[in-house]
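Numbering (our numbering), first residue to last: 3 to 53.
We put the CB at the ideal spot given by N, CA and C, even for glycine.
Note that the structure is predicted; figures quoted are calculated from it, not measured.
Some notes on the structure that comes next.
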């Protein structure tokens, strides 16, 4: 489920920040998380229009 993917990606991002990973990795994870969130919002909007 998309919610689970978002939670996993957020945890992965937070761990990479805490561990002092390279900026490029942190940035990549951040972009991936943003994309998942955008997908979630889009799906929610579609659900509302179908109601």
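By the three-class DSSP mapping on this structure, what secondary structure does residue i have?
{"i": "residue 23", "result": "coil"}
{"i": "residue 37", "result": "helix"}
{"i": "residue 7", "result": "helix"}
On the premise that residue j lies in contact with residue i, defined as a C-beta separation below 8 Å, what is that separation, rounded to the nearest angstrom?
{"i": "residue 39", "j": "residue 8", "result": "6 Å"}
{"i": "residue 41", "j": "residue 4", "result": "6 Å"}
Within the 8 Å Cβ cut-off, does residue i reach chain C?
{"i": "residue 23", "result": "Here chain C cannot be found, since the structure has a single protein chain."}
- Query: Should the segment 10-17 be regarded as contacting the segment 29-41, the criterion being three or more beta carbon pairs within less than 8 Å?
  - Reply: Output reads yes: the segment 29-41 touches the segment 10-17.
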